[in-house]
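**Q** Just so we're aligned, residue 1 is where the sequence shown starts under full-length UniProt numbering, counting upward by one.
What follows is a structure written as structure tokens; I'll ask about it next.
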Amino acid sequence: MVVVQVVVTAAAAAAAAVVVVVVVVVVVAVVEIVVVVVVVVVVVVVVVVVVVVVVKVVVKVVVKVVVKVIVKVVVVVAAAAEVIVIVVVVVVVVVVVVVVVEEEEEKEEEEEKKEKEGKRRKRRRKEEEYRWKERKERRVKIKRIRRE
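Below you can see the structure in the form of structure tokens.
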């Protein structure tokens with residue numbers, strides 16, 4: 001009974017630990033995504049502010065050049081945003097794969113422990129049955145000897 005309680009308690013603790021690890025990994029991933037999004041927004045705002053100031057100063061002199069520069073900056077920012085999104089997606093996928101692999105390894109370890117425990121119990125049961133048979137045989141022999 002105590003062994004069952006210990007096993008159940010250990011299993012519950014392991015499950016709780018897995019849940020805590022998964023929650024921490026998900027929170028870290030979400031925080032990373034939020035940080036990347038904030039950085040992208042700040043960069044875009046700074047680029048827009050710089051572009052507006054440059055346009056106001058230079059608009060009278062070189063309107064066509066400024067328009068071309070703005071288009072190029074927007075294209076570069078868009079390309080950078082695509083790269084950042086791709087990196088974020090790759091990071092999220094890697095984190096998910098790592099978590100899934102760790103969970104599978106833990107499941108396999110638990111199954112191996114259960115199998116070993118089952119084999120131990122079976123072996124102990126057989127040993128116990130063998131001892132009882134030996135004791136019974138000894139008692140029968142002793143009773144025969146006493147009768148004779």
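Backbone N, C-alpha and C fix where the C-beta goes; we use that ideal spot for every residue, glycine too.
With H, G and I counted as helix, E and B as strand and the rest as coil, what does DSSP make of Glu148?
**A** The answer is coil: DSSP assigns Glu148 none of H, G, I, E or B.
**Q** At the level of alpha carbons, what is the spacing between Val88 and Val27?
**A** One C-alpha to the other measures close to 14 Å.
**Q** Ordered along the chain, which non-local residues of its own chain (more than five positions away) have a Cβ less than 8 Å from that of Val92?
**A** Excluding sequence neighbours, Val92 sits near Ala29, Ile33.
**Q** Under 8 Å between the Cβ atoms of Val22 and Val99?
**A** Yes. Within cutoff.
**Q** Check whether the stretch 5–19 touches the stretch 32–51, counting contact only when three or more Cβ pairs, one atom from each stretch, lie closer than 8 Å.
**A** Taking 8 Å as the limit for Cβ pairs, the verdict is that the stretch 32–51 does not touch the stretch 5–19.
**Q** Suppose contacts are defined by Cβ-Cβ distances below 8 Å. Is Val25 in contact with Val95 by that definition?
**A** In this structure, Val95 lies closer than 8 Å to Val25 by Cβ.
**Q** Could I get the ranges of all uninterrupted alpha helix (DSSP H) runs contained in the UniProt region "Disordered" (103–138), with 4 residues as the minimum, in chain order?
**A** Taking only runs of at least 4 residues, no alpha helix (DSSP H) segment lies wholly in the UniProt region "Disordered" (103–138).
**Q** Spatial neighbours of Val75 within its chain, please: CB distance less than 6 Å, with the 5 preceding and 5 following residues excluded, ordered by chain position.
**A** Excluding positions up to five away in sequence, the list is empty.
**Q** Just checking my contact of Val103 with Val7 at CB under 8 Å: how many whole Å lie between their CB atoms?
**A** Here the sequence assigns Glu to residue 103, which means Val is not the residue at that position. Actually they are not in contact, since the Cβ atoms of Glu103 and Val7 sit about 20 Å apart, beyond 8 Å.
**Q** So, at 7 Å on beta carbons, what are the nonlocal neighbours of Val36 in its own chain, with the 5 sequence-adjacent residues on each side left out?
**A** The answer, listed in chain order, is Ile84, Val88.
**Q** At the level of alpha carbons, what is the spacing between Arg131 and Val101?
**A** Taking the straight line from one Cα to the other gives about 45 Å.
**Q** Rounded to the nearest angstrom, what separates Val67 and Val44 at their Cα positions?
**A** Spanning the two alpha carbons is a distance of roughly 17 Å.
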